[in-house]
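Note that full-length UniProt numbering gives residue 243 to position 243 of the sequence shown, counting from 1, and the numbers run on in steps of one.
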Amino acid sequence: MHSLIPTSSSAFAPSHSLFRPTRPPTSARPFSIQCSYRYDPLTYPNAVGPSRADWQSSCAILSSQAQIISQEDPQSQSQSQSQSQSQSPAADHIPSLNGHNTTLENLNLVPIQTLHDSTALKPQPKPLSITDLSPAPMHGSKLRVAYQGVPGAYSEAAAGKAYPDCDAIPCDQFEVAFQSVELWIADRAVLPVENSLGGSIHRNYDLLLRHKLHIVGEVQLPVHHCLLALPGVRKEYLTRVISHPQALAQCEHTLTKLGLNVTREAVDDTAGAAEFVSINNLRDTGAIASARAAELYGLDILANEIQDDSGNVTRFVMLAREPIIPRTDRPFKTSIVFAHEKGTSVLFKVLSAFAFRNISLTKIESRPHRSHPIRVEDGANAGTAKHFEYLFYVDFEASMAEPRAQNALAEVQEFTSFLRVLGSYPMDMTPWSPSRED
Ligand SMILES: O=C(O)C(=O)Cc1ccccc1
């Protein structure tokens, strides 16, 4: 069994004063673990070793281990789900946690009620937390997709877009979403990795490396933010606005344009902000969240489409325990992470391995190398030079089933001290326009 990983601080340092009162404090850490960034094969079974042969066998493993194909393809999702449903007629559709069916009664869930209207709101599932993560038995036929946040979060919408008929499982932290897949409580996790306005969600890149899940798909979700408040509250009454840090950043100018004189405070997720305003009957606090969150938590929409850019899109990746078999019959993307020890022009050489083969890169991101943050060179008589060490995350538009991608990676492997294929998966080709409602 995998070790449990303690809660680490949120990617965006949410305001602790706003943590939902119904949850245990995140400082309660029943398990501890040392996070290792050594690139040994035990810690990183998918990491590519130092030789070309290692890399080739890693590719072979990548192909031979693959068991899940069509479920990762949103277009074939409904087909594969109906197949799996017919294969397990006894399955019910309620996710099973820790061996128990998660009905509201046996999880002891208290329906959410607001002081302003105690009858209107439907109870929402309680997010998983670290204490819920003991191994679960086999479950029903629906694909179970873990996401961070509470119902109404954009990640839940992304799960629904990727797997239309899934059971979306709310989790109170990303770590929990990852672990729920590792422990077979969920089948997939969905993880926001970048936004067209806010850029990369860095901590989630770190999580990708720390865990051994595989990227098996991506979805791009147009995000339409709304300003929400309790019924009867006008925007002039607001003294603060709370939301996920990315949402606050994406609406920064519009909030000012709306004439709001408010403090901004970060919480774990957008829908959680709406829930917090509702549960605590806060008449001076607005939340930035989706229209669906307004409906779920009984809030009014004071302003619609408040993102600064109408083309606001967030990219999510889907993660599974096993990689999918890469194909060539539709556009694929491959995500890798690599590090290099030292040497000049390594990045140039790596990038040229793709350029020479006409492989487009869609992303390149560098992150400080946690276990080797700094390299010191003692040049004789020349003082001591210090360099930051980095990991590089690269996405490129090719499938690992294509020889040009395999050859490019073989070359990249020669210049790098560590290389891991995070996944090779169908590209989200859904057309969208800024005005389209999703
Ligand atoms: O908080 C949410 O609802 C999320 O799913 C994360 C997020 C926040 C802002 C934009 C896109 C995703």
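Using N, Cα and C, we set each Cβ at its ideal position, and we do this for glycine too.
Small disclaimer: the values here were computed from a predicted structure and weren't measured.
Taking residue i as part of the alpha helix (DSSP H), name the residues at either end of that continuous run.
i, result
"phenylalanine 415", "403–415"
"isoleucine 169", "That residue, isoleucine 169, is in no alpha helix (DSSP H); its beta strand (DSSP E) goes 167–171."
"residue 462", "Only positions 1 to 438 of the chain appear in this structure, which leaves residue 462 out of reach."
"tyrosine 147", "Note, tyrosine 147: premise wrong, no alpha helix (DSSP H); beta strand (DSSP E) at 144–148."
"leucine 221", "Careful: leucine 221 lies outside any alpha helix (DSSP H), inside the beta strand (DSSP E) at 214–222."
"aspartate 395", "No alpha helix (DSSP H) holds aspartate 395; the beta strand (DSSP E) holding it covers 390–396."
"threonine 362", "That residue, threonine 362, is in no alpha helix (DSSP H); its beta strand (DSSP E) goes 361–368."
"aspartate 206", "202–210"
"proline 323", "Run containing proline 323: none; DSSP gives neither H nor E here."
"residue 462", "Because the chain in this structure spans residues 1 to 438, residue 462 falls outside the shown range and cannot be described."
"alanine 303", "Careful: alanine 303 lies outside any alpha helix (DSSP H), inside the beta strand (DSSP E) at 300–303."
"glutamate 156", "154–162"
"leucine 128", "Leucine 128 -> no alpha helix (DSSP H), and no H or E assigned at all."
"leucine 351", "346–355"
Does the Cβ of residue i lie closer than 7 Å to at least one heavy atom of ligand 1?
i, result
"serine 155", "yes"
"aspartate 269", "yes"
"valine 219", "no"
"alanine 291", "no"
"glutamine 246", "yes"
"proline 222", "no"
"threonine 254", "no"
"glycine 149", "yes"
"asparagine 280", "no"
"proline 192", "yes"
"residue 439", "Shown here, the chain extends from 1 to 438; a query on residue 439 therefore has no answer."
"threonine 314", "yes"
Does the distance from the C-beta atom of residue i to that of residue j stay below 8 Å?
i, j, result
"alanine 289", "alanine 274", "yes"
"histidine 202", "arginine 367", "yes"
"valine 193", "serine 200", "yes"
"valine 241", "threonine 314", "no"
"serine 360", "glutamate 397", "yes"
"aspartate 172", "proline 127", "yes"
"arginine 144", "aspartate 167", "yes"
"glycine 311", "serine 196", "yes"
"glutamine 250", "aspartate 308", "yes"
"leucine 419", "isoleucine 336", "yes"
"aspartate 269", "valine 412", "no"
Quick one: what's got a C-beta closer than 6 Å to residue i's C-beta in the same chain, skipping five residues either side?
i, result
"serine 417", "Ala339, His340 and Glu341"
"lysine 363", "Asp395"
"tyrosine 297", "Ala274, Glu275 and Ser278"
"phenylalanine 392", "Phe338 and Ser366"
"valine 350", "Val412 and Phe415"
Who are the Cβ neighbours of residue i in its own chain at under 7 Å, not counting the five residues just before and after it?
i, result
"asparagine 407", "Arg357"
"leucine 238", "Ala229, Leu260, Val262, Asp284, Thr285 and Gly286"
"methionine 429", "Pro331"
"phenylalanine 354", "Leu361, Phe396 and Ala408"
"phenylalanine 174", "Gln148, Leu191, Asn204 and Leu207"
"leucine 62", "Low per-residue confidence applies at leucine 62: pLDDT is 35, beneath 50, and the placement is therefore not dependable, though the value from the model is reported in the following sentence. So the list reads Pro323, Met400 and Val421, once near-sequence residues are dropped."
"alanine 159", "Val145, Tyr147, Cys166, Ala168 and Val190"
Can you tell which of the options has its C-alpha closest to the C-alpha of residue i?
i, options, result
"proline 323", "Ser141, Ser424 and Ala177", "Ser424"
"aspartate 300", "Lys161, Leu227, Ser129 and Leu143", "Leu227"
"threonine 254", "Asn204, Ala247 and Ile306", "Ile306"
"alanine 401", "Phe354, Thr334 and Pro431", "Thr334"
"isoleucine 215", "Val350, Glu265, Pro170 and Phe178", "Phe178"
"asparagine 204", "Ala410, Val176, Pro231 and Glu414", "Val176"
"methionine 427", "Asp187, Thr328 and Gly198", "Thr328"
"glycine 217", "Phe415, Leu282, Ala162 and Phe174", "Ala162"
"aspartate 187", "Leu319, Asn281 and Ala291", "Leu319"
"valine 421", "Phe415, Ala355, Leu409 and Glu414", "Leu409"
"phenylalanine 415", "Ile169, Arg264 and Phe348", "Phe348"
"alanine 247", "Arg404, Val267 and Ile336", "Val267"
"serine 129", "Ser141, Glu156, Ala294 and Pro170", "Pro170"
"arginine 292", "Ser141, Lys142, Pro431 and Tyr154", "Tyr154"
"glutamate 156", "Pro231, Leu209 and Val317", "Val317"
"asparagine 281", "Glu252, Thr256, Val233 and Ser243", "Val233"
For residue i, which residues in the same chain have their Cβ closer than 8 Å to its Cβ, ignoring the five residues on either side in sequence?
i, result
"proline 89", "Any reading at proline 89 must be qualified, since the residue scores a pLDDT of 28, below 50, and its modelled position is unreliable; no value is offered."
"lysine 235", "Leu227, Ala229, Leu258, Gly259, Leu260, Gly286, Leu302 and Ala303"
"glutamate 182", "His2, His211, Lys212, Leu213 and Arg321"
"arginine 404", "Arg357, Asn358, Ile359 and Ala398"
With 8 Å as the threshold, decide whether the Cβ of residue i is near any Cβ in chain C.
i, result
"alanine 353", "Checking the listed chains, one finds no chain C in this structure; it contains a single protein chain."
Could you please give the first and the last residue of the uninterrupted beta strand (DSSP E) stretch that includes residue i?
i, result
"leucine 419", "418–426"
"alanine 177", "Looking at the DSSP string, alanine 177 is not in any beta strand (DSSP E); the run it does join, the alpha helix (DSSP H), is 174–182."
"arginine 292", "That residue, arginine 292, is in no beta strand (DSSP E); its alpha helix (DSSP H) goes 291–297."
"alanine 189", "188–195"
"phenylalanine 332", "332–339"
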